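The sequence shown: position 84 = 86 (our numbering), numbered continuously.
All C-beta atoms, glycine included, are put in the ideal place defined by N, C-alpha and C.
Keep in mind that this is a model prediction, so the values were computed, not measured.
Just below is one structure, and these are the notes that go with it.
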Amino acid sequence: MTKVTTLMLAAGLAAAAPAFAQTSTDTVRAQVAEMMADAETRSSLLAAGDAGHDGRFFIAGDGFRLNIGGQIQFRYILNFRDDENNGDDFSNGFQTRRTKLDFNGEIRNDWFFRVLGSFDREGGSFGLEEAYAGYKFSNGWKARWGQFKLPLMREELVNSARQLAVERSLMNEAFTQDRSQGIELSYATENWRFAAAFSDGLDSENTDFNDAGPTSGSPFIVRGEAEYAFTARAEFMISGNDWKVWDDFTSQKGQDFGFLLGVAAHYQQSTQTPSPTDVDTDTLQVTADISLEGDSWNLFAAGVLRWQEQSSLGASDTDVTDYGFVIQGGWRFAENTEVFARWDAIFADSDRPGFTSGEDNFNFLTIGLNQYYAGHAAKASIDLVWSFQDTTNLVGSGLLPNTGTGLLGDQEENEVAIRAQFQLLF
């Protein structure tokens, strides 16, 4: 290459360098501006409430909102029974009582939905608890359809994350409505509300429309698909002005006095079958409850009656009537520390199969303490449950053993369970 050619190439490169530099700088500036605009857009969307946490994690936009939550209850349980029991007289260990995922929200402010599932504490399988959709009318009426808790026992209707004791009472376990598939219509005003449901019956979640009814199993617990079932509940807020106060049983320091009265009824007819060995059961259950809350203290009491008529081919009809009662109260002696006590009882009909001999009246006492670190979202609890009577017949009926309550059943009096729990909600 000649000197002249070399000089010409060098001059050309020198002339082009500023142009290349300018192009590179413009590209970088454009990319930075685009990134800044995108970040600003995302920030404005977040500020407008499209994602975040306002007591619940949520994603929202264009009239749609999805709330995402969960519940973890971890326990250590000690159970003491009589030495003469056939099994061990002492059981203890850890338990993941509840692990739940909750997805709920709204569409265009009128439509609402919920899908709630939980991991089984034994085996870890994931199962459906609730799945429903609904519509909110403009005049206080609401309708929902799917799988949900029937409007019957208040203790069952209060979320497991917002109970006073570590676990609901054994009386509630005996008479619970639990979940069912059906349709519910409700109405609410400032001081009273009402709900009515047509469903597959008590404790009939996750059943298909042609599943057989409760033709076998426990004679005391009503489970399985019914031929038809109707439930209705009314609540009257005699004192107070906020329905959210009654979402739990505790009361804050400085809280205003509130008084809630509730009444409910349920009737169902079990599936009719031609088999002479099957027992067809009609069930009527009624309940009433009162809730009082004031400055640092709370009180709740409920009673329930369940009447059942049982019939089978070639045999006379029989009927039995069972009763249950619960009363509990709590007191916050410090801002975030609460003591509580509860008495609950089950009075089974002495003519009920499985209760014609032995004990048919059962009493339980619970005492304990709650420590709130972030309300119900982070809460430590410890309590003691004392069973006064021999519970052999409750074991025979299928109500016990119940590891959720910590009671396993005893052929003698004075079974005791101690339960320590930490709860986290998100």
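Euclidean distance between Cα positions of residue i and residue j
i: residue 309; j: residue 270; result: 11 Å
i: residue 164; j: residue 317; result: 46 Å
i: residue 134; j: residue 251; result: 25 Å
i: residue 1; j: residue 235; result: Nothing about residue 1 can be reported from this structure: the residues present for the chain run from 3 to 428 only.
i: residue 166; j: residue 333; result: 11 Å
i: residue 104; j: residue 72; result: 6 Å
i: residue 232; j: residue 209; result: 17 Å
i: residue 211; j: residue 125; result: 27 Å
i: residue 282; j: residue 119; result: 32 Å
i: residue 255; j: residue 373; result: 14 Å
i: residue 253; j: residue 339; result: 11 Å
i: residue 396; j: residue 302; result: 25 Å
Pick from the options that is closest to residue i, judged by C-alpha positions
i: residue 288; options: 305, 421, 272; result: 305
i: residue 398; options: 358, 151, 282, 196; result: 358
i: residue 159; options: 264, 322, 284, 282; result: 264
i: residue 291; options: 257, 273, 344, 237; result: 237
i: residue 331; options: 272, 199, 184, 341; result: 341
i: residue 272; options: 253, 226, 297; result: 226
i: residue 363; options: 344, 329, 324, 336; result: 324
Residue range of the beta strand (DSSP E) that includes residue i
i: residue 389; result: 380-389
i: residue 363; result: 363-374
i: residue 62; result: 59-63
i: residue 150; result: 143-151
i: residue 196; result: 194-201
i: residue 360; result: Run containing residue 360: none; DSSP gives neither H nor E here.
Same chain, Cβ closer than 6 Å to residue i, neighbours up to 5 away in sequence not counted
i: residue 422; result: 78, 384
i: residue 386; result: 369, 420
i: residue 260; result: 241, 242, 247, 295
i: residue 68; result: 61, 107
i: residue 114; result: 108, 136
i: residue 284; result: 271, 311
i: residue 2; result: Beyond the ends of the chain as shown, which are 3 and 428, falls residue 2; an answer cannot be given.
Residues near residue i by beta carbon distance below 8 Å, same chain, minus five either side
i: residue 417; result: 81, 82, 83, 84, 388, 389, 393, 409, 410, 411
i: residue 127; result: 121
Host alpha helix (DSSP H) of residue i (start-end)
i: residue 398; result: 394-399
i: residue 159; result: 156-159
i: residue 177; result: 172-177
Proximity test, Cβ basis, 8 Å: residue i and chain C
i: residue 255; result: Considering every chain present, this structure includes no chain C. It has just one protein chain.
Spell out a yes or no on whether the stretch 348-357 and the stretch 368-380 are touching, meaning 3 or more CB-CB pairs, one atom from each, closer than 8 Å. no
Assess, as a yes-or-no matter, whether the stretch 51-70 is touched by the stretch 400-420 under the definition of 3 or more beta carbon pairs within less than 8 Å. no
If we count Cβ pairs, one from each stretch, closer than 8 Å, do we get three or more for the stretch 95-111 versus the stretch 139-147? By the criterion of at least three beta-carbon pairs nearer than 8 Å, the stretch 95-111 is not in contact with the stretch 139-147.
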